[in-house]
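So the structure is just underneath, and the comments pick up after that.
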């Protein structure tokens, strides 16, 4: 039998070799802001455990290196990811001197690169398996549950990022819910206004270029400037329009952030509605007209359902973009996970940055996967129905 | 609208922009009403011209690097030898776009320190994605008969790539570069939260001292740059598309 190498496997094995044997696995610091000292896998873990981890990693890298069945590759990478997730917690406990409450242990570059390499392998297998949309959501849910269980079990409590969390558990959830409200609320507002506006642009050709140009120009204003520029008009509204202040409209804080996110969201929603409606086959429209459907019936019964996947793509773009942009709201007192990111940058406490950045990335990632799956489902359903 | 009107508008915008960054003092009366308590009207901790040039420099370096890497990667995964990587690279691009810029910036700081470097890294990563995506579209949607003809004419793989495939995909790749530049121009302002010297400095100074005039001048310069560069690159794109006989959407 001839031995054949897997091309991606060669790349992954090279990355893994570097991460496992050269790069540091964990960083130890005497307190949260001093520079850290690097620790390799064998230094960061009890000898037996460290050797076991290295053995698992090497075995998995070999499985990746050669052409092996997909299921085996998937199993190998899941085993390594689970081992890494469990053992980084062990490293935290092992490296922290007993009773020392100032010492901080955080995952270092080697750990992150190993996670990246094996996630790459999982992603490759999942891409090659060509999973159905529902199965993809299933994988996401299982992964989220596993991480949730690890967090609840307290196995990661010895890590620096969770010590930062422990110090701000209350504000973490408050800022988190603000972040989600900002991202989802501005999306909802953009859909409520953007859909009718898109339909109007589709029907009235003279409006189209003008509206899309204005929305395009809004996109070019840098986010931090737009957030800042809205402070003044909203401050004016708050003091001059009766009842506005009672609604929570103020110059700084959530209101300008909400309006800025809403303005950025309009373009993808409106543009995709226009593109989706323009892509409705003429035959479908003619048939609907021939059946004697009114304009209204045609819009809701024919055009809108056919354009739906394209509109949904616009909504996906907006949601992922909003989750990211909502971090900037913290600069103008709007709250959200950005609060921790900017505090962390200010104090050069990187674990605090991570406390803000990791949930943001996770949220955006989950939103992208779920919406991609939903888009695929509606698109294929449509194709089956029209076939 | 008359055909010359947009060109005139663009010219006026260029003149206004140049006048503003070179002698912002002229515009002081216009911005004066936006400040309170005799606060300075024009950014006074550095010249707007220098900041504008530094801003453009960061965007230029990041875009050139991103273009080289993204196009090289797209070429690699569309050759028979790299075909195995194609599906994975597609999903990676998709995943990469979910990382928020602020997170990338902040996470790059421990690795490379404060200043221009983290900004360059973030801009480079964000620039990669649209260019790669468009280069991939361009290289995978070439008309089959043209490729067939090139092969029939006895061209080698390298000749086909440089004389047929790349020139034909140039307009689409340019479209990706244009997107990437506009995103980078805006993202570079966020770089000032980690102490990069860009126009974001003016905006952040305005946010910190509650000075609307600062926020407005920083924001408008970036927006004007973005609109002008977007227009300019669109024109280049239309020109190459006409030459290549390809339609740009």
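Chains as they are written, first to last, in this note's numbering: chain A, -3 to 383; chain B, 75 to 323. The beta carbon of each residue, even a glycine, is placed where N, CA and C say it ideally should be. Please read all numbers here as calculations on a predicted model, not as lab measurements.
Going by the CB atoms, is the gap between residue j and residue i shorter than 8 Å?
i	j	result
residue 202 of chain B	residue 144 of chain B	yes
residue 333 of chain A	residue 344 of chain A	no
residue 115 of chain A	residue 165 of chain B	no
residue 306 of chain A	residue 266 of chain A	no
residue 178 of chain A	residue 254 of chain A	yes
residue 191 of chain A	residue 269 of chain A	yes
residue 249 of chain B	residue 311 of chain B	yes
residue 218 of chain A	residue 137 of chain B	no
residue 349 of chain A	residue 181 of chain B	yes
residue 212 of chain A	residue 273 of chain A	no
residue 253 of chain B	residue 300 of chain B	no
residue 82 of chain A	residue 118 of chain A	no
residue 149 of chain B	residue 216 of chain B	no
residue 125 of chain A	residue 66 of chain A	yes
residue 109 of chain B	residue 316 of chain A	no
residue 2 of chain A	residue 63 of chain A	yes
residue 167 of chain B	residue 206 of chain B	yes
residue 267 of chain B	residue 128 of chain B	no
residue 297 of chain B	residue 87 of chain B	no
residue 287 of chain B	residue 115 of chain B	yes
residue 174 of chain B	residue 360 of chain A	yes
residue 9 of chain A	residue 77 of chain A	no
residue 256 of chain A	residue 275 of chain A	no
residue 28 of chain A	residue 347 of chain A	yes
residue 111 of chain A	residue 19 of chain A	no
residue 222 of chain A	residue 259 of chain A	yes
Using the C-alpha atoms, what's the distance from residue j back to residue i?
i	j	result
residue 371 of chain A	residue 106 of chain A	36 Å
residue 208 of chain B	residue 133 of chain A	27 Å
residue 159 of chain A	residue 153 of chain A	7 Å
residue 190 of chain B	residue 176 of chain B	14 Å
residue 113 of chain B	residue 85 of chain B	32 Å
residue 375 of chain A	residue 275 of chain B	45 Å
residue 283 of chain B	residue 103 of chain B	20 Å
residue 78 of chain B	residue 203 of chain A	21 Å
residue 367 of chain A	residue 236 of chain A	41 Å
residue 143 of chain A	residue 12 of chain A	22 Å
residue 322 of chain B	residue 49 of chain A	Confidence at residue 322 of chain B is low in this model, with a pLDDT of 47, below 50, so its placement is unreliable and the value that follows should be read with caution. Spanning the two alpha carbons is a distance of roughly 53 Å.
residue 99 of chain B	residue 314 of chain B	41 Å
residue 383 of chain A	residue 299 of chain A	For residue 383 of chain A, the predicted structure reports a pLDDT of 45, less than 50, and the residue's modelled location is therefore unreliable. A value from the coordinates is still provided. About 17 Å.
residue 285 of chain B	residue 227 of chain A	11 Å
residue 287 of chain A	residue 153 of chain B	51 Å
residue 24 of chain A	residue 38 of chain A	14 Å
residue 204 of chain B	residue 220 of chain B	26 Å
residue 139 of chain B	residue 133 of chain B	10 Å
residue 311 of chain A	residue 155 of chain B	37 Å
residue 281 of chain B	residue 327 of chain A	8 Å
residue 363 of chain A	residue 249 of chain A	25 Å
residue 162 of chain B	residue 123 of chain B	43 Å
residue 303 of chain B	residue 314 of chain A	24 Å
residue 384 of chain A	residue 352 of chain A	Because chain A in this structure spans residues -3 to 383, residue 384 of chain A falls outside the shown range and cannot be described.
residue 59 of chain A	residue 128 of chain A	25 Å
residue 91 of chain A	residue 269 of chain B	34 Å
residue 51 of chain A	residue 101 of chain A	23 Å
Contact check, residue i vs residue j under 8 Å by CB: the rounded distance?
i	j	result
residue 194 of chain B	residue 178 of chain B	That belief does not hold up - the Cβ atoms of residue 194 of chain B and residue 178 of chain B are roughly 11 Å apart, past 8 Å.
residue 277 of chain B	residue 46 of chain A	That pair is no contact at about 48 Å.
residue 87 of chain A	residue 17 of chain A	So it is not a contact: roughly 16 Å between Cβ atoms.
residue 85 of chain A	residue 35 of chain A	That pair is no contact at about 15 Å.
residue 294 of chain A	residue 285 of chain A	7 Å
residue 171 of chain A	residue 331 of chain A	5 Å
residue 261 of chain A	residue 183 of chain A	6 Å
Going by the C-beta, is residue i closer than 7 Å to any heavy atom of the ligand SAH?
i	result
residue 306 of chain A	The ligand SAH is absent from the structure shown, which contains no ligand whatsoever.
### Query
For the segment 120 to 173 of chain B, which segments carrying the alpha helix (DSSP H) assignment without a break, of at least 4 residues, lie completely within its bounds, in sequence order?
122 to 152, 160 to 170
### Task
Spell out a yes or no on whether the segment 54 to 64 of chain A and the segment 35 to 46 of chain A are touching, meaning 3 or more CB-CB pairs, one atom from each, closer than 8 Å.
no
### Task
Jot down the residue ranges of each uninterrupted alpha helix (DSSP H) in the segment 26 to 93 of chain A, minimum 4 residues, whole runs only, in chain order.
37 to 40, 43 to 61, 66 to 91
#### Entry: Residues from the segment 348 to 378 of chain A in contact with chain D, defined by Cβ distance under 7 Å
Absent from the structure is chain D; the protein chains it does hold are A and B.
### Task
At 4 residues or longer, and completely inside the segment 285 to 335 of chain A: list those alpha helix (DSSP H) runs for me, N to C.
291 to 294, 300 to 321
#### Entry: Stretch pair the segment 240 to 254 of chain B + the segment 295 to 314 of chain B: three plus CB contacts closer than 8 Å
yes
### Task
Count the CB pairs spanning the segment 337 to 353 of chain A and the segment 311 to 326 of chain A that are closer than 8 Å, and state whether there are at least three.
yes
### Task
Identify every run of the alpha helix (DSSP H) within the segment 175 to 234 of chain B, keeping only runs that are complete inside it and at least 4 residues long; order them along the chain.
175 to 186, 190 to 214, 218 to 226
### Message
Does the structure place the segment 180 to 189 of chain A close enough to the segment 225 to 239 of chain B that three or more beta carbon pairs sit under 8 Å?
### Response
No: the two stretches stay apart, fewer than three of their Cβ pairs being nearer than 8 Å.
### Completely contained alpha helix (DSSP H) runs for the segment 272 to 322 of chain B, where each covers 4 or more residues
274 to 283, 286 to 318
### Task
Counting only runs of 4+ residues fully inside the segment 144 to 210 of chain A, write out the alpha helix (DSSP H) ranges in chain order.
The segment 144 to 210 of chain A is shown to contain whole alpha helix (DSSP H) runs of 4 or more residues at 156 to 163, 165 to 199, in chain order.
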